[in-house]
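This note's numbering applies: residue 8 is where the sequence shown begins, and numbers increase by one.
Ideal Cβ positions, reconstructed from N, Cα and C, are used throughout, including at glycine.
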Amino acid sequence: MIFTKNFNYIIKQILFFGLFILFFDFKIQAQKKEEIEPTGYVIELYNLEDKKFWSPPFITERVLVSSPFGWRSSGYHPGIDLALKRGEPILSVFDGVIKTSAYNAGYGNYIVITHDNGLETLYAHLDARVRAGSRVRAGQLIALSGNTGWSTGAHLHFEIYYQNKLLNPEWFFDFSGKITVRSQFIRLPMQIILPKGKLDRW
Ligand SMILES: [Zn+2]
Numbered sequence: 008m009i010f011t012k013n014f015n016y017i018i019k020q021i022l023f024f025g026l027f028i029l030f031f032d033f034k035i036q037a038q039k040k041e042e043i044e045p046t047g048y049v050i051e052l053y054n055l056e057d058k059k060f061w062s063p064p065f066i067t068e069r070v071l072v073s074s075p076f077g078w079r080s081s082g083y084h085p086g087i088d089l090a091l092k093r094g095e096p097i098l099s100v101f102d103g104v105i106k107t108s109a110y111n112a113g114y115g116n117y118i119v120i121t122h123d124n125g126l127e128t129l130y131a132h133l134d135a136r137v138r139a140g141s142r143v144r145a146g147q148l149i150a151l152s153g154n155t156g157w158s159t160g161a162h163l164h165f166e167i168y169y170q171n172k173l174l175n176p177e178w179f180f181d182f183s184g185k186i187t188v189r190s191q192f193i194r195l196p197m198q199i200i201l202p203k204g205k206l207d208r209w
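Structural data, given as structure tokens:
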């Protein structure tokens with residue numbers, strides 16, 4: 008009967024060891040999952056039930072992306088260039104308040120809007136523009152497209168920020184066809200660390 012006793016003991020040990028391994032494996036798996044899905048903040052871009060809408064930045068349905076966000080030979084491009092004719096209506100993409108309406112050498116006439124959802128958007132190379140301080144809804148006319156500042160042809164230069172961190176507009180909008188917003192919720196951070204050196208503000 009000594010054999011049976013030992014046998015039981017060994018089985019118990021094996022079971023115990025197995026549970027031990029399973030427990031730690033589970034912990035490791037949980038850790039891996041956290042690394043893959045980093046905790047961040049989630050922005051609700053729009054909410055149709057709450058009448059918080061979104062809009063493309065202009066009426067024209069299909070436009071050419073004449074220069075994407077990011078590095079190019081002349082420097083770092085902090086926005087996206089969308090080929091438009093001169094004088095096309097430029098629209099606020101979400102509800103918000105016009106924070107800046109001004110002129111500088113790079114952007115020409117430009118507007119910055121602080122949106123209720125926490126984002127900021129910048130629209131540059133404009134012709135006419137509305138004044139700062141006014142409240143706007145998504146889809147509301149804020150300016151007309153133009154060719155002011157450092158610009159070699161009429162286009163809209165469009166930037167998106169969150170807490171002063173630059174973001175790629177193509178994370179939020181799909182400009183490849185009829186312009187659509189990518190999703191109701193966007194998980195951040197997806198921030199761009201601006202490289203030291205030249206910024207192409209056009
Ligand atoms: Zn540009």
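In this structure, does DSSP put residue i in helix, strand or coil?
| i | result |
| --- | --- |
| TRP178 | helix |
| GLU42 | With a pLDDT of 43 at GLU42, under the threshold of 50, the modelled position of this residue cannot be trusted; read the value that follows with caution. Residue state, collapsed to three classes: helix. |
| PHE24 | helix |
| ILE18 | helix |
| SER73 | strand |
| ASN154 | coil |
| LYS12 | helix |
| VAL143 | strand |
| ILE118 | strand |
| LYS58 | coil |
| VAL188 | strand |
| ARG138 | coil |
| VAL100 | coil |
| ARG79 | strand |
| ASP207 | coil |
Regarding residue i and ligand 3, is the C-beta to nearest heavy atom distance less than 6 Å?
| i | result |
| --- | --- |
| GLY82 | No copy of ligand 3 occurs in the structure displayed; its ligands are ligand 1 alone. |
Counting C-beta neighbours from all protein chains within 10 Å, is the total for residue i 16 or more, i.e. buried, or is it exposed?
| i | result |
| --- | --- |
| TYR48 | exposed |
| THR187 | exposed |
| GLY156 | buried |
| PRO45 | Since pLDDT at PRO45 reaches only 46, below the 50 mark, its modelled position is unreliable, and no value is offered. |
| LYS40 | Low per-residue confidence applies at LYS40: pLDDT is 47, beneath 50, and the placement is therefore not dependable, though the value from the model is reported in the following sentence. Result: exposed. |
| ARG136 | buried |
| SER80 | exposed |
| LEU22 | exposed |
| ILE43 | Since pLDDT at ILE43 reaches only 41, below the 50 mark, its modelled position is unreliable, and the value read off the structure follows with that caveat. Under this definition ILE43 is an exposed residue. |
| TYR169 | buried |
| PHE179 | buried |
| ASP181 | exposed |
| THR159 | exposed |
| ASP88 | buried |
Following the continuous beta strand (DSSP E) through residue i, name the residue where it begins and the one where it ends.
| i | result |
| --- | --- |
| TYR83 | 82 to 84 |
| TYR53 | Careful: TYR53 lies outside any beta strand (DSSP E) and carries neither H nor E. |
| ASP88 | 87 to 90 |
| ILE167 | 162 to 169 |
| GLY125 | Taken as a continuous stretch (DSSP letters only), GLY125 belongs to no beta strand (DSSP E), as it is neither H nor E. |
| THR159 | Counting along the chain, THR159 falls outside any beta strand (DSSP E), and DSSP gives it neither H nor E. |
| SER108 | 103 to 111 |
| PHE192 | 192 to 195 |
| ILE66 | Per DSSP, ILE66 belongs to no beta strand (DSSP E) and is neither H nor E. |
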